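Enquirer:
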Amino acid sequence: MMIDTNVTVMYPGQCIPPNMACKTILYMRKADCRPGYVNLHLGQIGQEGQHSTEMIRNSLVRIANLTFVSSDIYREHNISFVNKATGVKHESNWPSCSFKSKIDCVRCFSCKSWPKEAKEWVTRTRLYGWPHKTLIKKIVDGGCFLVPIGDKCSEDTFLQWRLSFAPAETSLVTSFSHIQFKVYMLLKLFLKVIKETLKETIGDDDILYSYFLKTTLFHAIENSNQMFWQDKHLFYCFWFCLNILIAWVRAGFCPNYFFPTDNLFQRKVHGLSQQILLDCLNNYCLMKWECLSCLSFGRPFDLSIWKFLCKTVNQDKLVCPQTVQEIACRQDQEIIHSTVGNPPHPFNLREMKVAIHLLSTSHSDIDEVFTYIRAIKFLLGFATEQVYPDHMVATDNKLRYRSLRKCKRLMAPIASMGTGLLHLATFCFLTGDVSRALTMCQQVMRLASTYTTSCRQIPHAMFLHGYRPQRQTLDRLRKMYTACIIFEDINVCLPHLYMELSKWPNEEIIIPPLPYAVFLYFLCCHELGDTRGRDKALRHLIKVQYDDKQGGNRFYIVHTILGICYQTIGDNHRAIRAYWESAQSNNATAYYEGNPAIKRITVVYLCMYALQRSDRG
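Residue 320 in the UniProt record's numbering sits at position 320 of the sequence shown, with consecutive numbering throughout.
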């Protein structure tokens, strides 16, 4: 959804705040159709020159003494604008527009007032305490959206706008327990099977929607004891929801979660289609648990859920409930996987302010983790792109010292996050504090060895050893956070890797944490004259290049840094072989097309030639 921030929707009689004096104000009025739709009449028009103001002005329709905004006209103007702005043909997909990638994009207005028609949802009696009062207040304070689509059961949709509770539904879904999420996924898989059956039977699968199943789950959770939703009851919970859906189809009435008098089945599920859908659901219901044999995990697994459950190993896992420690561990692994997958952010002052603001206003433990990691990545970008270069142009030692101290302070937050310490270790190496850099490499090396491309591949034993779920999530993640080291600029990058960055300035170097930690350890030992430690690090790096998760089979740069180590100690022939392996690596273009390994081989040959000439006199 794209929210037009220059437009605000409210009810007639509400005061317009001073900060909205320049915005377009639209007032909601009851529409002559089902609940959940309104008409919007113009209160005031926004500043001229804004695109949103022009679109609304072109969508105005005069009726009696009021001026309304037509949803149909507005939607078509929006599609025309998107086509012109992107140069790609978009098609109307009711309220949204879509193009070849099948991505739907809908432009909407925000209303900070909770709709009067949905007041019953706020005050209704909830015997089992879901959703809880705090969540209800948050949802009500967030208001709703208005999207340009009318009631498809109405004859005249020209002026109708639909009330969208997307933010509320997102908040409700994110409040699901783990078992409730599992049931939701099972229902979505079941929907896929039902649609395929309907398409084979009557040639039309556009009868049952995912939104119906989400509504079913909302009603089921609200009207059942929370103790019922446990892992050992997974399929009873699924069966409970399925039977609610069958009862609704039999009655031909599916109550909207926010407007219980609104029948979601009114347009599609009636008459012959209702009977066909009911027969289809009843057939699966008669299969009892075997109906799960129709549900598949999908590619690449291609395994039915029933076959999965028939395996003794999986049955034992389901019968044996997870401990609090295991649940917290799995949650932390999922968080690591999702945050590591996000690339580092180039410095942008505005976005950094937003990230820090979100961190200061975060309410939940999870919110704090995601906003903290985003904020520290921005701080790292600020340190490397803005602060560190200042010491190079400083006119005296005092200014140079201040710049370096500030840079170090900005790197401290990311250094507290597991292998993020390697960024600070690199900084220390570049500024001459080699001993401290060596200590940091030793400190992080054990954790760096647990890095993998998927959190599901990490052995639980690595985390459960000494694991304390009683701590805050952020405190736990600091002990187990592993991520690749990514360089986008030569400022805070080892000079040994300048050739990779200078080849393609707009690209980046991605190095897995363990090879980089060993490589930096090697360089520190070399600088300190510790040949024993240097040789030990070289042997370690030779082993790491064959690692399944962090070796040269996935990252060509691992061969390159091994070649740099060989070249550093004067073993040019092994250096050439390592560079050649880097150039021939199957993943040489996976992340970065400018692998200068061949150029490095040329440089080594030139050095060898120059050395021979000098020896000859």
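C-beta: ideal position from N, C-alpha, C; glycine also. Source: prediction; values computed, not measured.
Evaluate the contact criterion for the region 34-41 versus the region 16-24: three or more CB pairs, one atom per stretch, below 8 Å.
Expert: no
Enquirer: Which whole-angstrom value describes the C-beta separation of Ile569 and His496, a residue pair presumed to lie in contact below a C-beta threshold of 8 Å?
Expert: About 13 Å; that fails the 8 Å criterion.
Enquirer: Excluding the 5 residues flanking Cys524 on each side, which residues of the same chain have their C-beta closer than 6 Å to its C-beta?
Expert: Once the five neighbours on either side are set aside, the close Cβ partners of Cys524 are Val434, Ala437, Leu438.
Enquirer: Quick one: residues in its chain with C-beta nearer than 6 Å to the C-beta of Gly13, no 5 flanking neighbours on either side, listed in chain order?
Expert: none
Enquirer: Quick one, are the C-beta atoms of Phe258 and Ala118 less than 7 Å apart?
Expert: yes
Enquirer: Count the other CB atoms, across all protein chains shown, that sit within 10 Å of the CB of Gln584; report buried if there are 16 or more and exposed otherwise.
Expert: exposed
Enquirer: Going by other Cβ atoms of all chains shown within 10 Å of its Cβ, with 16 needed for buried, is Val106 buried or exposed?
Expert: buried
Enquirer: Taking buried to mean at least 16 other C-beta atoms within 10 Å of its own C-beta, is Phe181 buried or exposed?
Expert: In summary, Phe181 is exposed, with fewer than 16 beta-carbon neighbours lying within 10 Å of its beta-carbon over all protein chains present.
Enquirer: Can you give me the start and stop residues for the beta strand (DSSP E) that Met480 sits inside?
Expert: That residue, Met480, is in no beta strand (DSSP E); its alpha helix (DSSP H) goes 473-480.
Enquirer: Under 7 Å between C-beta atoms, does Leu242 make it to chain C?
Expert: No chain C is part of this structure, which consists of one protein chain only.
Enquirer: Just the Cα atoms here: how many angstroms apart are Phe240 and Lys377?
Expert: 45 Å
Enquirer: Could you give the DSSP three-state label for Gly381: helix, strand or coil?
Expert: helix
Enquirer: Which runs of the alpha helix (DSSP H) spanning at least 4 residues fall entirely within the UniProt domain "Mab-21-like HhH/H2TH-like" (186-268), listed in chain order?
Expert: The DSSP assignment places complete alpha helix (DSSP H) segments of no fewer than 4 residues inside the UniProt domain "Mab-21-like HhH/H2TH-like" (186-268) at 210-222, 234-251, in order along the chain.
Enquirer: Of the choices Leu135, Gly43, Arg29, Pro260, whose alpha-carbon is the least far from that of Cys15?
Expert: Gly43
Enquirer: On the premise that Tyr128 lies in contact with Gln226, defined as a C-beta separation below 8 Å, what is that separation, rounded to the nearest angstrom?
Expert: 6 Å
Enquirer: Would you kindly report the start and end of the unbroken alpha helix (DSSP H) that includes Phe427?
Expert: 421-430
Enquirer: Within the continuous alpha helix (DSSP H) that includes Gln442, where are the two ends?
Expert: 434-448
Enquirer: Less than 7 Å between the beta carbons of Ser52 and Val7, yes or no?
Expert: yes
Enquirer: My output table needs one value for Gln612: the three-state DSSP class, helix, strand or coil.
Expert: helix
Enquirer: Assess contact between the region 547-564 and the region 508-528, defined as three or more Cβ pairs (one per stretch) separated by less than 8 Å. Is contact present?
Expert: yes
Enquirer: In the DSSP output, what is Trp161 paired with across the bridge?
Expert: Val38
Enquirer: Let me confirm a value: Leu399 is counted as buried when at least 16 other C-beta atoms fall within 10 Å, else exposed. Which label applies?
Expert: Label assigned to Leu399: exposed.
Enquirer: According to DSSP, what are the bridge partners of Phe145?
Expert: Beta-bridge pairing links Phe145 to Ser110, Ser164.
Enquirer: Report the rounded CA-to-CA distance for Asp615 versus His526, giving the unit in angstroms.
Expert: 25 Å
Enquirer: If you draw a straight line from the C-alpha of residue 638 to the C-alpha of Leu410, how long is it?
Expert: It is not possible to answer for residue 638, since the shown part of the chain is limited to 1 through 617.
Enquirer: What three-state label does DSSP hand Phe522 in the structure shown?
Expert: helix
Enquirer: What does Phe487 pair with, by DSSP beta-bridge criteria?
Expert: Ile509
Enquirer: Which partner residues of Gln584 appear in the DSSP bridge assignment?
Expert: For Gln584, which the question treats as bridged, DSSP gives no partner whatsoever.
Enquirer: Taking C-alpha atoms, which residue in Cys607, Gln550, Phe370, Lys408 lies nearest to His573?
Expert: Cys607
Enquirer: Whose C-beta lies closer than 8 Å to the C-beta of Ile542 among residues of the same chain, with five residues either side of it excluded?
Expert: Leu562
Enquirer: Considering only the beta carbon of each residue, do Leu277 and Val249 sit closer than 7 Å?
Expert: yes
Enquirer: For Tyr236, is the classification buried or exposed, using 16 other Cβ atoms within 10 angstroms of its Cβ as the cut-off for buried?
Expert: exposed
Enquirer: Just confirm the distance between the C-beta atoms of Val262 and Arg62, as a whole number of angstroms; I'd bet it's less than 8 Å.
Expert: Contrary to the premise, residue 262 reads as Asp rather than Val in this sequence. Contact doesn't hold; Cβ gap of about 30 Å is too wide.
Enquirer: Given Cys493, which residues of its chain have a CB within under 8 Å of its CB, disregarding the five upstream and five downstream residues?
Expert: Cβ neighbours of Cys493 beyond the five flanking positions: Thr426, Phe487, Leu501, Ile509.
Enquirer: If we count the other Cβ atoms within 10 Å of its Cβ and call it buried at 16 or more, is Arg405 buried or exposed?
Expert: exposed
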